[in-house]
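Engineer:
Protein chains: 2
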Amino acid sequence: MSVRMLINGAALETVSPLDRGFCYGDGLFETLRVLHGRAPLWHRHMQRLAEGCARLQLPPPDVDVLAQEVEKVSVGLECAIVRITITRGISARGYALPAETMPTRVVAAFPFVPMPTNSYTSGIRVRWCSTRLALQPLLAGIKHLNRLEQVLARAEWNDAEIFEGLMCDTDGHLICATAANIFCVCEGRVITPDLSRCGIAGVARAALLDHFGDVEIRDLLPEELMHANEIFLCNSVRGILPVNCVADKSYAVGSVTRELQKHWRANGWMAQDGEQF
Amino acid sequence: MSVRMLINGAALETVSPLDRGFCYGDGLFETLRVLHGRAPLWHRHMQRLAEGCARLQLPPPDVDVLAQEVEKVSVGLECAIVRITITRGISARGYALPAETMPTRVVAAFPFVPMPTNSYTSGIRVRWCSTRLALQPLLAGIKHLNRLEQVLARAEWNDAEIFEGLMCDTDGHLICATAANIFCVCEGRVITPDLSRCGIAGVARAALLDHFGDVEIRDLLPEELMHANEIFLCNSVRGILPVNCVADKSYAVGSVTRELQKHWRANGWMAQDGEQF
């Protein structure tokens, strides 16, 4: 059987309960879609991971080593989901940083389970979550391991027909879905929430911002979605998912969303041709 | 060698990196001071743990089993620090709760390292942290595993002369120290911050609130400390620690603090006679 998990490069499957990842959520992660051993948005993932390490005062991992490990765990999988976790490792009890940090690096592969094709063609249904995101600029944007807000939000529904939940911050601004970023199109303008106070700045979002060039990044009120012509979610694993329904309000899948899906596919960011359409 | 760690009751020392505690900080912990196998504030710890489980929709652990495990890991230690960690265990990848939760329960003992006696007699020095606590009522009060704010705050100084750092919330209210609650005495009134939007509601704090009966629990501004006659920190491991200095401002150790230290000792909540005075 192929290795599916590497811990600090070794074929192990356990960590210490004294690891600060387990004790305090003191670390970061990345979830990558890997095609034939490579993640199409690799550099963006590594950029966010580096930013997270800087923010948390963690020594950054060796990117080449990570790339080799991602390849190794996904051997034999045409398309895999690989989770990279970097923690501050083991320290003495207490919050104080260790004098010398020996980070823990976990690279684990999971089989990719594709979405039903009609999620990409007809769109998905989403709901509103009542769980709000707290405002914490020090942790905003990065993909750290403190994810209880997302866990609580995702626990709000158990209806397989509803694919995602939209989250507002405690000030009432729309920020994201539990595991995806959101964009909307209003009278030709493409808008996505500002993530400087909370939320995760997705690598798919970053790729789309580069593609568009003139997206409005700003505070977005939930009621603005009522007047949107198009809404879509994105993340690096699922790609571009049109939203056809937010609670009781229906939306058509529009031309901007379609164009983006084509762009996404043209860049080779999806697993198979035809997965999206 | 005695067992110092139990995982789901077994003498193991590892957990899975797929555990939601490691992946998302999806769980809770308690840190207990254990004297001859028993934690003096046991019921309060168990009460907070139960409240945390309810808030996170986790099945509560069996308290009798936990008590046995605490005793087992601390055998041979006159005074131990025991950390109990309860997580949502392993699930499929993603934030969604598993259909059936199999929590992970870690009980680990550490030797107790006493504070220098003069910390209790002359008091300790504290500083202000610039890291703010985000406002999240859904998680306020409970001792969950999402502790990056405390880690960042504690990373702000590396001066052994400074024992703790005071933290404000993002609205500018004083909330707590990185690992202790705070009380102050102003013109005879005992005041402690309201913790309904952030912070951890310590079991020592709860014991003191019961003892006093008429503490003002309210929003507290940092500048109010300038006019305080006494300030002290408390947690269940360290007891009552008088503050003799906040940044550049000095404080005397006052009579309310002394009375509380006596109360604390009289209840048998400290390890040894004379440790506090």
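Protein sequences appear in the order of chains A and B.
Numbering (the working numbering) for the first sequence: 50 to 326.
Numbering (the working numbering) for the second sequence: 50 to 326.
Heads up, the beta-carbon is just placed ideally off N, CA and C, and yes, glycines get one too.
Just so we're clear, the structure is a prediction, and the values are computed from it rather than from any experiment.
Short of 7 Å Cβ to Cβ, which residues in the region 80-96 of chain A face chain B?
Structural biologist: Residues are counted here when their Cβ sits less than 7 Å from a Cβ of chain B; for the region 80-96 of chain A the count is zero.
Engineer: Beta carbon of A:L184: closer than 7 Å to some heavy atom of the ligand ATP?
Structural biologist: For the ligand ATP, the structure offers nothing, since it holds no ligand at all.
Engineer: For A:N195, which residues in chain B fall below 7 Å Cβ to Cβ?
Structural biologist: Residue 195 of chain A sits at position 146 when you count from the first residue of the first sequence. Ordered by position in chain B, the residues that pass the 7 Å Cβ test against A:N195 are G74, N195 and L197.
Engineer: Residues of chain B with a CB under 9 Å from the CB of A:I130: which are they?
Structural biologist: To locate residue 130 of chain A, count along the first sequence from 1; it is residue 81. Going along chain B in sequence order, the residues near A:I130 (Cβ under 9 Å) are R142.
Engineer: In this structure, how does DSSP classify A:I265 when only helix, strand and coil are distinguished?
Structural biologist: In the first sequence, counting from the first residue as 1, residue 265 of chain A sits at position 216. Looking at the sequence itself, residue 265 of chain A is Glu, so the reference to Ile does not match. Note: A:E265 maps to strand in three-state DSSP.
Engineer: Does any CB atom of chain A fall closer than 8 Å to the CB of B:I56?
Structural biologist: Residue numbering aside, residue 56 of chain B sits at position 7 when the second sequence is read from its first letter. Interface residue, yes.
Engineer: Does B:Y169 get closer than 8 Å to chain A when you measure Cβ to Cβ?
Structural biologist: Position 120 of the second sequence holds residue 169 of chain B. No, B:Y169 does not count as interfacial toward chain A.
Engineer: At least one CB of chain A closer than 8 Å to the CB of B:V122: is that the case?
Structural biologist: The residue you call residue 122 of chain B lines up with position 73 of the second sequence. Closer than 8 Å: no.
Engineer: From the beta carbon of A:E118, is the nearest beta carbon of chain B less than 8 Å away?
Structural biologist: Translated into positions along the first sequence, residue 118 of chain A becomes position 69. No, A:E118 lies away from the interface with chain B (no Cβ there is under 8 Å from its Cβ).
Engineer: For A:N167, name the three-state secondary structure that DSSP assigns.
Structural biologist: What you label residue 167 of chain A is simply residue 118 of the first sequence in a count that begins at 1. Correct three-state label for A:N167: helix.
Engineer: State yes or no: is the C-beta of A:F71 within less than 8 Å of the C-beta of B:F71?
Structural biologist: Position 22 of the first sequence, counted from the first residue, corresponds to residue 71 of chain A. Position 22 of the second sequence, counted from the first residue, corresponds to residue 71 of chain B. Contact: yes.
Engineer: Less than 8 Å between the beta carbons of B:C240 and B:E265, yes or no?
Structural biologist: In the second sequence, the residue the question calls residue 240 of chain B occupies position 191. In the second sequence, the residue the question calls residue 265 of chain B occupies position 216. The displayed chain sequence assigns Ile, not Cys, to residue 240 of chain B. In this structure, B:E265 lies closer than 8 Å to B:I240 by Cβ.
Engineer: Mapping DSSP to helix, strand and coil, what is A:T306?
Structural biologist: On the first sequence, position 257 is the one that residue 306 of chain A refers to. In this structure, A:T306 counts as helix in the three-state DSSP scheme.
Engineer: For chain A, find out if any of its Cβ atoms is closer than 8 Å to the Cβ of B:M50; answer yes or no.
Structural biologist: Here residue 50 of chain B refers to the residue found at position 1 when the second sequence is read from its first residue. In this prediction, B:M50 scores a pLDDT of 46, lower than 50, which makes its location untrustworthy; the coordinate-derived value is nonetheless stated afterwards. B:M50 does not count as touching chain A.
Engineer: Could you tell me whether any Cβ in chain A is nearer than 8 Å to the Cβ of B:L98?
Structural biologist: Taking the first residue of the second sequence as 1, we reach residue 98 of chain B at position 49. Answer no: the Cβ-Cβ gap between B:L98 and chain A never drops below 8 Å.
Engineer: Per DSSP, which one or two residues make a beta bridge with A:C217?
Structural biologist: Locating residue 217 of chain A in the first sequence gives position 168, where the first residue counts as 1. A:C217 pairs with A:L223.
Engineer: Hey, A:L184 and A:T219: beta-carbon distance below 8 Å or not?
Structural biologist: By one-based count along the first sequence, residue 184 of chain A stands at place 135. By one-based count along the first sequence, residue 219 of chain A stands at place 170. For A:L184 and A:T219, yes; Cβs fall inside 8 Å.
Engineer: Ends of the beta strand (DSSP E) at A:M54?
Structural biologist: Residue 54 of chain A sits at position 5 when you count from the first residue of the first sequence. That run of the beta strand (DSSP E) goes M54 to I56.
Engineer: Please classify B:V114: does DSSP put it in a helix, a strand, or coil?
Structural biologist: Along the second sequence, read from residue 1 onward, the residue named residue 114 of chain B stands at position 65. Here B:V114 sits in helix by DSSP.
Engineer: Check the C-beta distance from B:P89 over to B:R97 and give it rounded, since I have them as a contact under 8 Å.
Structural biologist: As a working mapping, residue 89 of chain B is identified with position 40 in the second sequence. As a working mapping, residue 97 of chain B is identified with position 48 in the second sequence. Contact doesn't hold; Cβ gap of about 15 Å is too wide.
Engineer: What's the C-alpha gap between A:D113 and B:V302?
Structural biologist: Taking the first sequence and counting its residues from 1, one reaches residue 113 of chain A at position 64. Taking the second sequence and counting its residues from 1, one reaches residue 302 of chain B at position 253. Cα to Cα, A:D113 sits roughly 56 Å from B:V302.
Engineer: Output needed for A:Q106: all residues of its chain with C-beta closer than 8 Å, excluding positions within five of it in sequence on either side, in chain order.
Structural biologist: Here the question's residue 106 of chain A lines up with position 57 in the first sequence. So the list reads L146, once near-sequence residues are dropped.
Engineer: Are B:T170 and B:E198 closer than 8 Å when you measure CB to CB?
Structural biologist: As a first step, residue 170 of chain B is located in the second sequence; it is residue number 121 there, counting from the start. As a first step, residue 198 of chain B is located in the second sequence; it is residue number 149 there, counting from the start. Against a cut-off of 8 Å, the Cβ pair of B:E198 and B:T170 comes out as no contact.
Engineer: Using the three-state DSSP reduction, which class does B:C247 fall into: helix, strand or coil?
Structural biologist: Start at 1 with the first residue of the second sequence, and residue 247 of chain B comes out as number 198. B:C247: coil per DSSP, three-state reduction.
Engineer: Using a Cβ-Cβ cut-off of 8 Å, state whether B:E210 counts as contacting chain A.
Structural biologist: As a position in the second sequence, residue 210 of chain B is number 161, starting the count at 1. Not an interface residue.
Engineer: Taking its Cβ as the centre, do 16 or more other Cβ atoms sit within 10 Å of A:N230, making it buried, or is it exposed?
Structural biologist: Residue mapping note: residue 230 of chain A aligns to position 181 of the first sequence, counting from 1. It counts as buried.
Engineer: Can you tell which of A:P108, A:L215 and A:R142 has its C-alpha closest to the C-alpha of A:E272?
Structural biologist: On the first sequence, residue 272 of chain A is found 223 positions in, with the first residue counted as 1. With distances taken between Cα atoms, A:E272 lies closest to A:L215.
Engineer: Closer than 8 Å, CB to CB, is B:T180 near chain A or not?
Structural biologist: To locate residue 180 of chain B, count along the second sequence from 1; it is residue 131. Against chain A, the CB of B:T180 has a partner CB under 8 Å away; the residue lies at that interface.
Engineer: Return the chain-ordered list of same chain residues with a C-beta closer than 7 Å to the C-beta of A:R174, the five sequence neighbours on each side being excluded.
Structural biologist: Looking up residue 174 of chain A in the first sequence gives position 125. E210, I211, F212, N293 and C294, listed in sequence order.
Engineer: Looking at the secondary structure, which residues open and close the beta strand (DSSP E) in which A:I288 lies?
Structural biologist: Looking up residue 288 of chain A in the first sequence gives position 239. Residue 288 of chain A is actually Gly in this sequence, not Ile. A:G288 -> beta strand (DSSP E) spans G288 to V295.
Engineer: When you compare only the Cα positions, how much space is there between A:G237 and B:S285?
Structural biologist: Position 188 of the first sequence holds residue 237 of chain A. Position 236 of the second sequence holds residue 285 of chain B. Approximately 58 Å, taken between the alpha carbons.
Engineer: Helix, strand or coil for B:W318? Go by DSSP, reduced to three states.
Structural biologist: By one-based count along the second sequence, residue 318 of chain B stands at place 269. B:W318 sits in coil when the DSSP states are folded into three classes, being neither helix nor strand.
Engineer: Look at the Cβ atom of A:R69, then the Cβ atom of A:T136, and state whether they are nearer than 8 Å.
Structural biologist: Counted from its first residue, the first sequence places residue 69 of chain A at position 20. Counted from its first residue, the first sequence places residue 136 of chain A at position 87. Yes. Within cutoff.
Engineer: Quick one, which of B:R267, B:D268, B:R287 and B:P291 has its alpha-carbon nearest B:N278's?
Structural biologist: For the purposes of this step, residue 278 of chain B is identified with residue 229 of the second sequence, where counting begins at 1. Ranking the options by Cα distance to B:N278, first place goes to B:P291.
Engineer: Spatial neighbours of A:A99 within its chain, please: CB distance less than 6 Å, with the 5 preceding and 5 following residues excluded, ordered by chain position.
Structural biologist: One-based indexing of the first sequence puts residue 99 of chain A at position 50. Once the five neighbours on either side are set aside, the close Cβ partners of A:A99 are P109.
Engineer: At a CB-CB cut-off below 7 Å, which residues of chain B make contact with A:V64?
Structural biologist: The count along the first sequence starts at 1 and reaches residue 64 of chain A at position 15. By Cβ distance, chain B contributes T63, V64, P66 and F71.
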